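Asker: Please find one structure pasted underneath; my questions will follow.
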Amino acid sequence: MTALALIRHGPTVWNEQKRLQGQTDIPLSPDGQERVKSWKVPEEFTAFNWFASPLSRAQQTAKLLGLTVETEAAIIEMHWGDWEGQTGPDLREKYGEEFIRRQKMGIDLRPDGGESPRDVRARVKEWVSRIAESGTDTGAVAHQGIIRAMISLATGWDMINPPPEKMEWDAVQLFSVSPGGEVEIDRLNISLLTENG
-2 MTALALIRHG
8 PTVWNEQKRL
18 QGQTDIPLSP
28 DGQERVKSWK
38 VPEEFTAFNW
48 FASPLSRAQQ
58 TAKLLGLTVE
68 TEAAIIEMHW
78 GDWEGQTGPD
88 LREKYGEEFI
98 RRQKMGIDLR
108 PDGGESPRDV
118 RARVKEWVSR
128 IAESGTDTGA
138 VAHQGIIRAM
148 ISLATGWDMI
158 NPPPEKMEWD
168 AVQLFSVSPG
178 GEVEIDRLNI
188 SLLTENG
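Take -2 as the starting number for the sequence shown in my numbering and just add one per residue.
Right under this line is the structure:
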C-alpha cells in the first residue's frame, strides 16, 4: 500500500467570510499565515513526495510548512462557477427553493458554470491511479473539496449526509492506496499543531 497524506491550505479572507472560493485565487490572510506558522508536518511524512494545488493559498501553505512541492493541476479546488465569491445567504436569496434542491443533490450538485463533486472525484481518482503506479508515498497541500473527494473514494460517501467522520483542518488526513488504485482511510485528523499552536 502507498501512503497519501493530505493537508488543507490555511485560512483566507474568503474562508473567514464564508464565501465559496473554488478556483478563484485567494491568498492566505495575515491570520491564515500566522495559523500555518503554528503547524508542523509530522516527521513520518516529511520524506514523502509532496505536491500542491496551483492556487496561491495552497502554494503559500506548502512554503510556510517548509515543503518542496511539485504543482499538480488535478488537485485544484472544485470549480464553483458563477457561485464563486458568494455566501450561502447570497445563494439562498438568489435561487430560493432551487438552491435547497441543489444542495440535496450531494455529489451530483452542479453550480451554474461549474463542476460537480463527482467531476472532482473523477480527476482525483486519475491522480490517485498515477500515485498507485509510482508506489511512492505522497503528500499534497490541497483543498477541502479534494479531501472530501478522497473520503468519497474511500467510503462511497454520497455527500448528501454528513461525512463519515468530522474533519479537523489543522491536521493531516492519511489514506492508503492499493496497487490497483483503491483508496482506504488510514488515519484522520493527525494534528499539525505544535505545542504553542
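Note that the Cβ used here is the ideal one computed from N, Cα and C, for glycine as well. Just so it is clear, the structure is predicted and the values come from calculations on it, not from any experiment.
Taking 8 Å as the cut-off, decide whether the C-beta atoms of VAL138 and THR58 are in contact.
Answerer: Yes, they are a contact pair.
Asker: Among THR9, PRO27, ASP28, whose alpha-carbon lies nearest the alpha-carbon of GLY19?
Answerer: Ranking the options by Cα distance to GLY19, first place goes to THR9.
Asker: Given that a residue counts as buried once 16 or more other Cβ atoms are within 10 Å of its Cβ, and exposed if not, what is ALA44?
Answerer: So ALA44 counts as exposed.
Asker: What are the residues that DSSP puts in a beta bridge with ILE4?
Answerer: According to DSSP, ILE4 bridges with VAL138, VAL169.
Asker: I'd like the ranges of any alpha helix (DSSP H) spanning at least 4 consecutive residues and lying wholly in the region 71 to 113.
Answerer: Complete alpha helix (DSSP H) runs here, min 4: 85 to 92, 94 to 100.
Asker: Compare the Cα-Cα distances from ASP22 to each of ARG32, MET75, GLU90, GLY132 and report the closest residue.
Answerer: Among ARG32, MET75, GLU90, GLY132, the Cα nearest to that of ASP22 is on MET75.
Asker: Okay, do the region 112 to 124 and the region 80 to 100 touch, 3+ Cβ pairs below 8 Å being the bar?
Answerer: Flag = no, the region 112 to 124 and the region 80 to 100 do not touch.
Asker: Beta-carbon separation of LEU64 and VAL33 under 8 Å?
Answerer: In this structure, VAL33 does not lie closer than 8 Å to LEU64 by Cβ.
Asker: To the nearest angstrom, how far is it from the Cα of ASN193 to the Cα of SER50?
Answerer: Low per-residue confidence applies at ASN193: pLDDT is 47, beneath 50, and the placement is therefore not dependable, though the value from the model is reported in the following sentence. Taking the straight line from one Cα to the other gives about 28 Å.
Asker: Classify SER35 as helix, strand or coil using the three-state DSSP reduction.
Answerer: Coil at SER35, not helix or strand.
Asker: Measure from the alpha carbon of MET222 to the alpha carbon of each residue in ALA0, MET(-2), THR(-1), ILE4, then state which is nearest.
Answerer: As shown, the chain starts at -2 and ends at 194. That puts residue 222 outside it, with no answer to give.
Asker: Span of the beta strand (DSSP E) holding SER53?
Answerer: Premise fails: SER53 lies in the alpha helix (DSSP H), 53 to 61, not in any beta strand (DSSP E).
Asker: How should GLU69 be labelled, buried or exposed, when 16 other C-beta atoms within 10 angstroms of its C-beta is the threshold for buried?
Answerer: Buried, since its Cβ has 16 or more Cβ neighbours within 10 Å.
Asker: Which residues in the same chain as LYS101 place their Cβ atom closer than 8 Å to its Cβ, once the five residues preceding and following it in sequence are excluded?
Answerer: Within the same chain, LYS101 has close Cβ partners ILE157.
Asker: Rounded to whole angstroms, how far is the Cβ of ARG118 from the Cβ of ALA151, which I believe are closer than 8 Å?
Answerer: With 8 Å as the limit, ARG118 and ALA151 do not qualify as a contact, their Cβ atoms being about 11 Å apart.
Asker: Under three-state DSSP, which class holds SER188?
Answerer: In this structure, SER188 counts as strand in the three-state DSSP scheme.
Asker: Going by alpha carbons, who is nearest to GLU40 out of LEU25, ALA2, ILE182?
Answerer: Looking at the Cα atoms, ALA2 is the closest of the given residues.
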